[in-house]
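Heads up: the sequence lines are chains A and B, in that order. Residue 1 is where the first sequence starts when you use the numbering used here, and the numbers rise one by one after that. Residue 1001 is where the second sequence starts when you use the numbering used here, and the numbers rise one by one after that. Here a beta-carbon is modelled for each residue, glycine too, at the ideal position from N, C-alpha and C. None of the values given here were measured: they were computed from a predicted structure. See structure below.
Number of protein chains: 2
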Amino acid sequence: MLTINYCTQCGELVELRVPSGDNLPRHVCASCEFIHYQNPKIVAGCIPEWGDRILLCKRAIEPRSGLWTIPAGFMENLETVEQAAARETDEEACAKVIIDGLYGVYNIPHISQVYMVFRGQLVDGKFSPGPESLETRLYSEEEIPWEELAFPVIVNSLKRYFNDRRRGVFEPHIDIIKPLRG
Amino acid sequence: MLTINYCTQCGELVELRVPSGDNLPRHVCASCEFIHYQNPKIVAGCIPEWGDRILLCKRAIEPRSGLWTIPAGFMENLETVEQAAARETDEEACAKVIIDGLYGVYNIPHISQVYMVFRGQLVDGKFSPGPESLETRLYSEEEIPWEELAFPVIVNSLKRYFNDRRRGVFEPHIDIIKPLRG
């Protein structure tokens, strides 16, 4: 949980306490009583397909700079999850994509994130690194750099993806990603 | 977007501007440069089944106090979407539920929410109104108070639910809920 010291509304000090009628501690303003709720964030991503290859991005930013990922990032207000996945693909890989159905939902409760991963079709096969990527590349299944993937959720979703592709059925799924240690 | 006047970290005034390397306006602290991101919230809900009836709650709180809904509410940090749906069912209807697979995902971009609706099985058929409900009741399809449902997303998901039940296949889906007017 992000530490909140001061009230966003009146600038006075906040305290961590359970508001009346609630059952979880929140950052509550000691002066104006404003409650600063914090909730999980959605990360929207896409597995962009071009023939039998998929597009990955080598991260230029922390965490996990230098490792590979699918295009994905925090969903913004006022957009749909599909729009967020397409926008991230454009921002990170300068690639236009048509978003297919929702493929995977991954709970990552220890960091209060929910990943929502779509399959997508590259529109024209064009791509190049956006400002948050060092490199963008199409990979066949045999070429996937499994040891250099940025996050466990990416390993999980790509393993499922290639398994499903071999079976010929892409099955929507919901899963949970646990901490690597502990 | 919530108005933010003061920095949560240092208490100084914030300004609305596009941070360097970003492309959307954010509330940025004019003093310490802390960026206050705001992102969509997940509402987790459940269609609790008991035989051929489902459990609805009459809302005791605004918005739409006095109208009927499925148990649903804002997902909290450190939980999974399934846990959130079960917790809300317990809080709003004092009912224990076993959560089935993810049934529906609803983008509601104009209010920056994503609804995630599961099917669930009531464990023992027991229920009663929690503090946020005036009444809880099992409804057969014929009895659903369609004109007294609290939100368009509830109408959409229950219509699909009963259609799918008649076909004998509950198909996961993703949809978008637009504003009633405009």
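Write down every uninterrupted run of the alpha helix (DSSP H) in the stretch 29-96 of chain A whose length is 4 residues or greater and which is fully enclosed by it, in chain order.
Here the runs fully enclosed are 81-93.
Determine the chain A residues that contact glutamate 1081 (chain B) at a beta-carbon separation under 8 Å, and present them in chain order.
Before going further, note that residue 1081 (chain B) is valine rather than glutamate in the sequence given. Chain A residues near valine 1081 (chain B): Val105, Asn107, Val114, Ile174.
Who are the near neighbours of isoleucine 1061 (chain B) in its chain, counting only those whose CB is closer than 6 Å to its CB and skipping five residues on each side?
Correct list, in chain order: Glu1132.
Interface residues of chain B around proline 40 (chain A) at Cβ under 7 Å?
The answer, in chain order, is Ile1042, Met1075, Asn1077.
Residue range of the beta strand (DSSP E) that tyrosine 1139 (chain B) falls in?
Looking at the DSSP string, the run of the beta strand (DSSP E) that includes tyrosine 1139 (chain B) is 1133-1139.
Of all the CB atoms in chain B, is at least one closer than 8 Å to the CB of proline 145 (chain A)?
With 8 Å as the cut-off, proline 145 (chain A) does not count as an interface residue toward chain B.
Start and end of the alpha helix (DSSP H) containing isoleucine 174 (chain A)?
It is not in any alpha helix (DSSP H) - isoleucine 174 (chain A) instead sits in the beta strand (DSSP E) that spans 173-176.
Any beta carbon from chain A within less than 8 Å of isoleucine 1004 (chain B)'s own beta carbon?
For isoleucine 1004 (chain B), the answer is yes, since a Cβ of chain A falls inside 8 Å of its Cβ.
On the three-state DSSP scale, how would you describe arginine 1026 (chain B)?
Strand, per DSSP.
With a threshold of 8 Å between beta-carbons, can threonine 1008 (chain B) be considered close to chain A, or not?
Yes, threonine 1008 (chain B) lies at the interface with chain A (some Cβ there is under 8 Å from its Cβ).
For chain A, find out if any of its Cβ atoms is closer than 8 Å to the Cβ of glycine 1021 (chain B); answer yes or no.
For glycine 1021 (chain B), the answer is yes, since a Cβ of chain A falls inside 8 Å of its Cβ.
Alpha carbon to alpha carbon, how far is serine 31 (chain A) from cysteine 10 (chain A)?
Each residue's Cα considered, the two are about 8 Å apart.
Tell me which same chain residues have a C-beta within less than 6 Å of the C-beta of isoleucine 177 (chain A), skipping the five on either side of it?
Result list for isoleucine 177 (chain A): Tyr106, Ile108, Pro152, Val153, in chain order.
Determine the closest residue to tyrosine 139 (chain A) out of A:Ser128, A:Ile70, A:Ile54, A:Tyr37, with distance taken between C-alpha atoms.
Out of A:Ser128, A:Ile70, A:Ile54, A:Tyr37, A:Ile54 has the C-alpha closest to the C-alpha of tyrosine 139 (chain A).
Under the rule that 16 or more other beta-carbon atoms within 10 Å means buried, what is isoleucine 111 (chain A), buried or exposed?
It counts as exposed.
How far does the alpha helix (DSSP H) with leucine 1158 (chain B) in it extend, from its first residue to its last?
Note, leucine 1158 (chain B): alpha helix (DSSP H), 1152-1167.
What residue range is occupied by the uninterrupted beta strand (DSSP E) comprising valine 117 (chain A)?
Segment 113-122, the beta strand (DSSP E) holding valine 117 (chain A).
I'd like the list of long-range same chain contacts for proline 1129 (chain B), defined as Cβ closer than 6 Å, with 5 residues on each side in sequence excluded.
Within the same chain, proline 1129 (chain B) has close Cβ partners Glu1135, Thr1136.
Just checking, does the stretch 15-30 of chain A make contact with the stretch 1019-1028 of chain B on the three C-beta pairs under 8 Å criterion?
At 8 Å Cβ cutoff, the stretches do not touch.
State the DSSP-derived secondary structure class of glutamate 1012 (chain B), mapped to helix, strand or coil.
Residue state, collapsed to three classes: coil.
Check the Cβ-Cβ distances between proline 1063 (chain B) and every residue of chain A, and say whether any is below 8 Å.
By this cut-off, proline 1063 (chain B) is not an interface position.
As a quick exercise: from B:Tyr1037, B:Trp1050, B:Arg1165, pick the residue whose alpha carbon is nearest that of isoleucine 1099 (chain B).
Comparing Cα-Cα distances from isoleucine 1099 (chain B) to each of B:Tyr1037, B:Trp1050, B:Arg1165, the minimum goes to B:Trp1050.
Compare the C-beta of glycine 101 (chain A) against all C-beta atoms of chain B and say whether one is closer than 8 Å.
Answer yes: the Cβ-Cβ gap between glycine 101 (chain A) and chain B drops below 8 Å somewhere.
Buried or exposed: which applies to lysine 1058 (chain B), given that a residue is buried once 16 or more other Cβ atoms fall within 10 Å of its Cβ?
With 16 or more Cβ atoms within 10 Å of its Cβ, lysine 1058 (chain B) is classed as buried.
What's the C-alpha gap between asparagine 1156 (chain B) and alanine 1072 (chain B)?
Near 15 Å, if we compare the C-alpha coordinates of alanine 1072 (chain B) and asparagine 1156 (chain B).
Could you round the C-beta distance between proline 40 (chain A) and tyrosine 103 (chain A) to whole angstroms and report it? I think they count as a contact, below 8 Å.
20 Å between Cβ atoms; not a contact.
By the 8 Å beta-carbon criterion, what residues does the stretch 1116-1139 of chain B contribute toward chain A?
Cβ contacts with chain A come from Met1116, Pro1131.
So, does the CB of leucine 1024 (chain B) fall closer than 8 Å to a CB anywhere in chain A?
By this cut-off, leucine 1024 (chain B) is an interface position.
Assuming tyrosine 1006 (chain B) and tyrosine 6 (chain A) are in contact, meaning their beta carbons sit under 8 Å apart, how far apart are those beta carbons, in whole angstroms?
Rounded, the Cβ-Cβ distance is 6 Å, consistent with contact.
With 8 Å set as the bound, which would you pick, yes or no: does the beta-carbon of glycine 45 (chain A) sit closer than that to a beta-carbon of chain B?
For glycine 45 (chain A), the answer is no, since every Cβ of chain B falls outside 8 Å of its Cβ.
Give me, in chain order, the residues of the same chain whose beta-carbon lies closer than 7 Å to that of glycine 1125 (chain B); leave out the 5 immediate sequence neighbours on both sides.
Trp1050.
Among B:Ser1065, B:Leu1013, B:Arg1166, B:Arg1160, which one has its Cα closest to the Cα of alanine 1150 (chain B)?
Ranking B:Ser1065, B:Leu1013, B:Arg1166, B:Arg1160 by Cα distance to alanine 1150 (chain B) puts B:Ser1065 first.
Does the Cβ of proline 1145 (chain B) have 16 or more other Cβ atoms within 10 Å, making it buried, or fewer, making it exposed?
The residue is exposed, with fewer than 16 neighbouring Cβ atoms inside 10 Å.
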